[in-house]
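Data block below; observations after.
Numbering (mature numbering (1 follows the signal peptide of the UniProt record, and there is no 0)), first residue to last: -21 to -1, 1 to 441.
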């Protein structure tokens, strides 16, 4: 029976997984694996998560790290999951029963069973449906926490969107990437940096000498949250790749491994798995920076009073009145009043049929006569013009999302590290139980026996 929920692979991936793996018959008598602030992770939870991963790698167990390293990787994921759920609840984020039911129904449909059949299969395997519901709820909470964080901390400007669209006009190539991370603690000492450098050099040597492939090395050695997926980052557009990596990747071909690369969180190896054509590049189009004000009318074709008001405002502008001041005081468009009528950069099509045609006929700095539209009378000023990328609102939105995802990836990783560092975490299993200050990690051949301290298993006041 395949797994429906892998308690080990990041729970955001778990929602798309097949059916639950059977619980190991060797689950130990329950005890505490870790204390996380005021919560605990039980040894039975850790054992089930271990069993799920081992089940997924059945026949490929040689790709997994030693038992103690795997246990530490999995426990760290469970700790981060607990911290995110707690932060979401503290922030007032909730998941109601209807939303939870819809998510479970989606999981069942993905596995081509009904919810009742799913419940029956879990009962036959001795699995708790209530525990499953709680796991799904926790995953939804963490997703919403990440969304809320993105809205508050990740901002994408119009200039960033324009620059990215311009770059995309030259290439539509998409990249399948993987990475291997050796983490360094915040404020790492020279000794910790040297240890990390030596370890990642040793791993790179294994890969270069073809003694271990990249996927196996990532599973065995990486400190990244995607380690158990072989470091897979999936398909990315050029705009979703950090600028620091873009130039490096530009000189790589499929199968190449670059690095070590030093970043804020430590050292990385980066693999270009493959490339594909992401579609045609975008063409060039004239864009106009405009200001507009609106005299609203239900029937502009017959509204003589509205037209007269628009003509009066046009005369004031012709007499030297500032467009932004008139828009703030007299425009019937609330958004226009707030920003002085500034509409930013748009193509002729993006301005609408009537206004677009009028603006295209103006010179930079010129103000139009009142333009009749379905909403009333518009007066437009063509502030400037330029050649830009032809992009629909949908394309601009997609690009904005792509840039946001790239920014969110780095920002949310820092957020998780900070949250982990501020938490009280008492690990009670494995080597970290004996040494809270430095958990044991496997070293790559030709590297020291221990990597940089300070990533997992710390005991701090919170």
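From the three backbone atoms N, C-alpha and C, an ideal C-beta is built for every residue, glycine too. If you're wondering where the values come from, they're calculated on a predicted model, not measured in any experiment.
(request) Would you mind sorting residue 301 into buried or exposed? The rule is 16 or more other CB atoms within 10 Å of its CB. (result) Exposed, because fewer than 16 other Cβ atoms sit within 10 Å of the Cβ of residue 301.
(request) Let me know the secondary structure DSSP gives residue 168 once reduced to three states. (result) Reduced to three states, the DSSP call for residue 168 is coil.
(message) Pop quiz: residue 446 and residue 350 are said to be a contact at Cβ under 8 Å. What is the actual Cβ separation, rounded to whole angstroms?
(response) For residue 446 there is no data in the structure shown, the boundaries of the chain being -21 and 441.
(request) Give the single residue among 356, 323, 365 whose Cα lies nearest to the Cα of residue 442. (result) For the chain, the structure presents residues -21 to 441; residue 442 sits outside this window and is missing.
(message) I'd like to know if the stretch 120 to 128 and the stretch 174 to 191 are in contact, where contact means that at least 3 CB-CB pairs between them fall below 8 Å.
(response) No contact exists between the stretch 120 to 128 and the stretch 174 to 191.
(message) With three or more beta-carbon pairs closer than 8 Å as the criterion, would you say the stretch 189 to 201 touches the stretch 38 to 52?
(response) Result yes; three or more Cβ-Cβ pairs closer than 8 Å.
(message) Quick check for students: name the residue ranges of the beta strand (DSSP E) that lie wholly in the stretch 343 to 400, counting only runs of 3 or more.
(response) The stretch 343 to 400 contains these whole beta strand (DSSP E) runs: 350 to 352, 355 to 368.
(message) Looking at the secondary structure, which residues open and close the alpha helix (DSSP H) in which residue 334 lies?
(response) 332 to 340 is the extent of the alpha helix (DSSP H) around residue 334.
(message) Checking 7 Å against the spacing of the C-beta atoms, do residue 320 and residue 270 come in under that value?
(response) Yes, these two residues count as a Cβ contact at 7 Å.
(message) Quick check on residue 244: buried or exposed, where buried means 16 or more other Cβ atoms within 10 Å of its Cβ?
(response) That one is buried.
(request) Would you kindly work out how many angstroms separate the C-alpha atoms of residue 3 and residue 29, rounded to a whole number? (result) Residue placement at residue 3 cannot be trusted, given a pLDDT of 41 that sits under 50; the coordinates are not used to answer.
(request) Specify the secondary structure class of residue 17 as computed by DSSP and reduced to three states. (result) In the three-state reduction of the DSSP assignment, residue 17 falls in the coil class.
(message) Distance check for residue 50 and residue 207, CA to CA, integer angstroms please.
(response) Spanning the two alpha carbons is a distance of roughly 12 Å.
(message) How far does the beta strand (DSSP E) with residue 119 in it extend, from its first residue to its last?
(response) Per DSSP, residue 119 belongs to no beta strand (DSSP E); it is in the alpha helix (DSSP H), 108 to 132.
(request) Within the same chain, show all residues whose beta-carbon is closer than 7 Å to that of residue 285, passing over the 5 residues directly before and after it, in chain order. (result) Only residues of its own chain outside the window of five on either side were considered, and among them 274, 276, 279, 355, 356 have a CB closer than 7 Å to the CB of residue 285, listed in chain order.
(request) Flag this pair as yes or no: are the beta carbons of residue 116 and residue 62 separated by less than 7 Å? (result) Not in contact: residue 116 and residue 62 (Cβ atoms no closer than 7 Å).
(message) Mapping the DSSP letters down to three states, classify residue 198 as helix, strand or coil.
(response) Looking at residue 198 - three-state DSSP - the assignment turns out to be helix.
(request) Take residue 363 as the anchor and find which of 338, 385, 386 has the nearest alpha-carbon. (result) Residue 363 has its Cα closest to that of 338, out of 338, 385, 386.
(request) Look at the alpha carbon of residue 87 and the alpha carbon of residue 110, and state the distance between them as a whole number of angstroms. (result) Taking the straight line joining both Cα atoms gives about 16 Å.
(request) Output the boundary residues of the beta strand (DSSP E) element that contains residue 65. (result) That residue, residue 65, is in no beta strand (DSSP E); its alpha helix (DSSP H) goes 46 to 69.
(message) Spatial neighbours of residue 155 within its chain, please: C-beta separation below 6 Å, excluding the five flanking residues on both sides.
(response) Answer for residue 155: 214, 252, 253, listed in chain order.
(message) Please classify residue 178 as buried or exposed, where buried requires at least 16 other C-beta atoms within 10 Å of its C-beta.
(response) Label assigned to residue 178: buried.
(request) Starting from the N-terminal side, write out each stretch of the alpha helix (DSSP H) that is 4 residues or longer and does not extend beyond the stretch 285 to 338. (result) Counting only runs of at least 4 residues, the stretch 285 to 338 fully encloses the following alpha helix (DSSP H) elements, listed from N- to C-terminal order: 302 to 309, 313 to 318.
(request) Spatial neighbours of residue 193 within its chain, please: CB distance less than 8 Å, with the 5 preceding and 5 following residues excluded, ordered by chain position. (result) The answer, listed in chain order, is 157, 159, 186, 209, 210, 236, 248, 250.
(request) Check residue 207 in the structure and name its three-state DSSP category. (result) In the structure shown, residue 207 sits in a helix (DSSP, three-state: H, G or I).
(request) Ignore the nearest five residues each way along the sequence and tell me which others in residue 390's own chain have a CB closer than 7 Å to its CB. (result) Excluding positions up to five away in sequence, the list reads 132, 133.
(message) According to DSSP, simplified to helix, strand and coil, what is residue 72?
(response) Three-state DSSP puts residue 72 in coil, outside helix and strand.
(request) Give me whichever residues DSSP pairs with residue 140 in a beta bridge. (result) Per DSSP, none; premise fails for residue 140.
(request) Buried or exposed for residue 113, please, with buried defined as at least 16 other CB atoms from any protein chain shown within 10 angstroms of its CB. (result) Per the 10 Å Cβ criterion, exposed.
(request) Would you grab the beta carbon distance between residue 65 and residue 18 for me? Rounded to a whole angstrom, and I think it's under 8 Å. (result) About 7 Å separates the two Cβ atoms, so the contact holds.
(request) Hey, could you find the ends of the beta strand (DSSP E) residue 248 is sitting in? (result) DSSP places residue 248 inside the beta strand (DSSP E), whose first and last residues are 245 to 256.
(message) Please report the straight-line C-alpha distance between residue 212 and residue 242, rounded to a whole angstrom.
(response) Using only the alpha carbons, I get a separation of about 17 Å.
(message) What would DSSP say about residue 407, mapped onto helix, strand or coil?
(response) Look at residue 407 here: in three-state DSSP terms it is coil, with no helix or strand label.
(request) Would you decide whether residue 291 is buried or exposed? Buried here means 16 or more other CB atoms lie within 10 Å of its CB. (result) Around the beta carbon of residue 291, fewer than 16 other beta carbons lie within 10 angstroms, which makes this residue exposed.
(message) Considering only the alpha carbon of each residue, which of 165, 282, 10 lies closest to residue 397?
(response) Nearest C-alpha to residue 397: 165.
(message) I'd like the span of the alpha helix (DSSP H) that includes residue 43, first residue to last.
(response) Per DSSP, residue 43 belongs to no alpha helix (DSSP H) and is neither H nor E.
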